[in-house]
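Here our numbering is used: the first residue of the sequence shown is 3, the next is one more, and so on. Each residue gets a CB set at the ideal place from its N, CA and C atoms; glycine is no exception. First up is the structure itself, then whatever we jot down about it.
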Amino acid sequence: MITRKRLAAGVCGLLAAMTVALLPTPALAAGEPDADSSPKVELTLDVSGSMRARDIDGQSRMAAAKQAFNEVLDAVPDDVQLGIRTLGANYRGEDRKVGCKDTRQLYPVGPLDRTEAKTAVATLAPTGWTPIGPALLGAADDLKGGDASRRIVLITDGEDTCAPLDPCQVARDIAAKGIHLTVDTLGLLPDAKTRNQLSCIAEATGGTYTSVEHTKQLRDRVHQLVDRAARPVVTPVETQGAADCTGAPKLKPGLYSDREKFAEHRWYRVDVRPGQELRASVSVAADRAVNNDYGVLLRASTVHGREIVRGAEAGDGRTDVISSGLRYPKAPSDASDEDAPAAETVCLQVSNSFSAPASVKTDPGMPVELTVDLVDGPSDASDAAFFGLGHGWWLLITLALSGLVAGLLWGWISRWRVTVWRTN
């Protein structure tokens with residue numbers, strides 16, 4: 003009897019195990035990020051001996067980096083997998099071969115434990131060499147896997163000290179693998195050589211370079227880059243503007259990238275149908291040292307050269323990006339669909355007034371991002387574009403008429419006052 007009961011229990015256990023094995027794998031719990039689809043970021047920090055210098059807001063570069071890291075770690079989005087890698091943090095000796103291998107992962111890429119990550123950062127002390135090339139290779143390996151965005155944020159105060167492994171070539175090799183990994187670089191009070199090297203690394207992977215002089219600037223920029231990784235990013239379509247509108251590429255709604263030399267003009271074309279509004283914006287990145295006083299112009303004109311509307315922005319001092327935009331609503335047509343007029347070709351001109359010292363290279367040109375959108379034209383009278391005030395000549399006519407009426411009225415009142423005075 004007991005044997006039969008044990009046999010029955012064993013059969014039931016076997017059936018239960020088979021049932022569990024055949025059931026589909028449960029989905030992730032609500033709100034739990036999928037490791038394969040979560041964006042990944044690795045902060046790669048220079049901990050070489052030069053980070054002891056006390057020239058950032060009255061504290062050492064290392065202290066400024068730690069402070070910025072702690073504040074950034076508090077604000078990392080929950081769906082971002084974040085890791086930390088160091089370079090030059092462990093070896094104190096003079097053996098170059100050993101020093102140039104001194105890079106390790108301080109905190110693994112994955113769901114963030116803020117307390118654990120801050121504790122790891124707190125242990126860092128400026129120590130050794132600056133093996134940027136090996137650190138980039140290690141960081142790229144740390145970020146393998148998954149199909150979401152991957153970003154390395156490199157923070158250093160000097161150029162690589164481990165040539166001939168050129169970090170710029172390492173970045174090019176990473177980009178050539180087609181793994182869609184972006185390297186953004188931040189230079190702490192960089193000299194010209196460091197700036198050139200970090201700009202080259204960023205440019206090779208489609209990233210950005212930023213020169214940093216203050217703790218708040220470092221914190222804000224790192225936070226911005228981490229936050230950018232968490233948001234879906236539209237990859238710009240490469241295009242090449244022409245020297246005039248006739249040979250310009252025809253653009254559809256989307257995001258485009260190009261390069262423009264100092265003080266250059268580039269042309270593009272967009273077809274705008276009746277009842278549509280063209281919205282365009284342009285950003286030019288100063289990815290190298292430039293002179294003060296600069297500007298960017300985005301101008302829309304007809305194929306015959308008549309200006310329709312323009313947007314311009316100017317600045318003075320160091321900047322990373324300067325942007326401008328415009329809106330052009332095309333009036334709707336009363337004709338039927340069959341008799342409706344064809345789309346109007348609008349010429350978009352992008353110009354800049356950047357200049358630079360003679361030692362700065364002008365090739366390649368500065369990065370340009372151009373956004374083009376076509377939406378239904380405004381129908382609300384509260385929208386300035388509804389009245390065509392986006393057109394410069396409309397505004398000029400309005401001001402001229404207002405001035406004329408005000409002048410006539412004031413003249414009439416003045417003459418009336420003189421006549422009354424003489425009569426009395």
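Can you list, in chain order, the residues of its chain whose CB lies under 7 Å from that of residue 347, leaving out five sequence neighbours each side?
-> 271, 273, 305
Leaving out five residues on either side along the sequence, give the residues of the same chain with a beta carbon under 6 Å from the beta carbon of residue 190.
-> 63, 159, 214
Residue 44 burial status per 10 Å Cβ neighbour count (16 or more: buried) | Only buried fits residue 44, as 16 or more other CB atoms lie within 10 angstroms of its CB.
Under 8 Å, do residue 117 and residue 136 count as touching if we go by C-beta distance?
-> no
So residue 206 packs on residue 174, CB below 8 Å; how close in whole Å?
-> 5 Å
Apart from the five residues on each side of it in sequence, which residues of its chain come closer than 8 Å, Cβ to Cβ, to residue 92?
-> Spatial neighbours of residue 92 in its own chain (CB-CB distance under 8 Å, excluding positions within 5 residues in sequence) are listed in chain order as 104, 106, 129, 130.
On a CA-only basis, which of 155, 202, 195 is nearest residue 171? Give me that one, please.
-> For residue 171, the nearest C-alpha among the options comes from 202.
Decide if residue 95 is buried, meaning its Cβ has at least 16 other Cβ atoms within 10 Å, or exposed.
-> exposed
Where the alpha helix (DSSP H) through residue 205 begins and ends | 194 to 207
Drop a sphere of 10 angstroms on the beta-carbon of residue 310, count the other beta-carbons inside from all chains shown, and report buried for 16 or more, exposed for fewer.
-> buried
For residue 389, collect the residues of the same chain with a Cβ closer than 6 Å to its Cβ; drop the 5 residues on either side in sequence, then sort them by chain order.
-> Low local confidence applies: a pLDDT of 49 at residue 389 is under 50, so the model's placement there is unreliable, and no value is given.
Measure the C-alpha to C-alpha separation of residue 66 and residue 89 and round it to an integer number of angstroms.
-> Cα to Cα, the separation comes out at about 17 Å.
DSSP puts residue 128 in a beta bridge; with which residues?
-> In DSSP, residue 128 forms no bridge with anything.
Kindly indicate which three-state DSSP category residue 157 falls into: helix, strand or coil?
-> strand
Sheet register partners of residue 269 (DSSP bridge) | 244, 351
Minimum C-alpha distance to residue 252 - residue among 126, 99, 374 = 374
Of the choices 301, 264, 364, whose alpha-carbon is the least far from that of residue 280?
-> In this structure, 301 is the residue among 301, 264, 364 with its C-alpha nearest to the C-alpha of residue 280.
Return yes when the Cβ of residue 192 is within less than 8 Å of the Cβ of residue 162, no when it is not.
-> no
Beta-carbon separation (whole angstroms), residue 185 vs residue 209, contact threshold 8 Å | 5 Å
Got a sec? Which residues, its chain only, sit under 8 Å from residue 332 by beta carbon, not counting five neighbours each side?
-> 274, 275, 276, 277, 278, 279, 280, 346, 379
Relative to the C-alpha of residue 157, which residue among 303, 212, 307, 80 is closest?
-> 212
For residue 367, I'd like the list of residues in its chain whose CB is within less than 6 Å of its CB, leaving aside the five on either flank, ordered along the chain.
-> 261, 262, 263
Can you grab the Cα-Cα spacing for the pair residue 119 / residue 152, in whole Å?
-> For residue 119 and residue 152, the distance between alpha carbons rounds to 19 Å.
With a threshold of 16 other CB atoms inside 10 Å of the CB of residue 239, please say whether the residue is buried or exposed.
-> exposed
State the Cα-Cα distance for the pair residue 53 and residue 228, rounded to the nearest angstrom.
-> 23 Å
Exposed or buried, what is residue 39 when buried is set at 16 or more other beta-carbons lying within 10 Å of its beta-carbon?
-> exposed
The alpha helix (DSSP H) enclosing residue 48, as first and last residue numbers = No alpha helix (DSSP H) holds residue 48; the beta strand (DSSP E) holding it covers 42 to 48.
Verify whether the separation of the beta carbon atoms of residue 349 and residue 416 is less than 8 Å.
-> no
Cutoff 6 Å; reference residue 421; Cβ partners in own chain excluding five residues on either side | none
Taking residue 326 as the reference, give the member of 334, 284, 308 with the closest Cα.
-> 284
Helix, strand or coil for residue 30 per DSSP?
-> Note that residue 30 scores 40 on pLDDT, short of 50, meaning its location in the model is unreliable; the coordinates nonetheless yield the value given after this. Correct three-state label for residue 30: coil.
Where residue 224 sits in the DSSP three-state scheme | helix
Helix or strand or just coil, what does DSSP make of residue 215?
-> coil
Could you spell out the range, first to last residue, of the alpha helix (DSSP H) harbouring residue 434?
-> Residue 434 cannot be examined here, being either before or after the span of the chain that is shown, 3 to 426.
With burial defined as no fewer than 16 other Cβ atoms inside 10 Å of the residue's Cβ, what is the status of residue 248: buried or exposed?
-> exposed
Would DSSP call residue 120 helix, strand or coil?
-> helix
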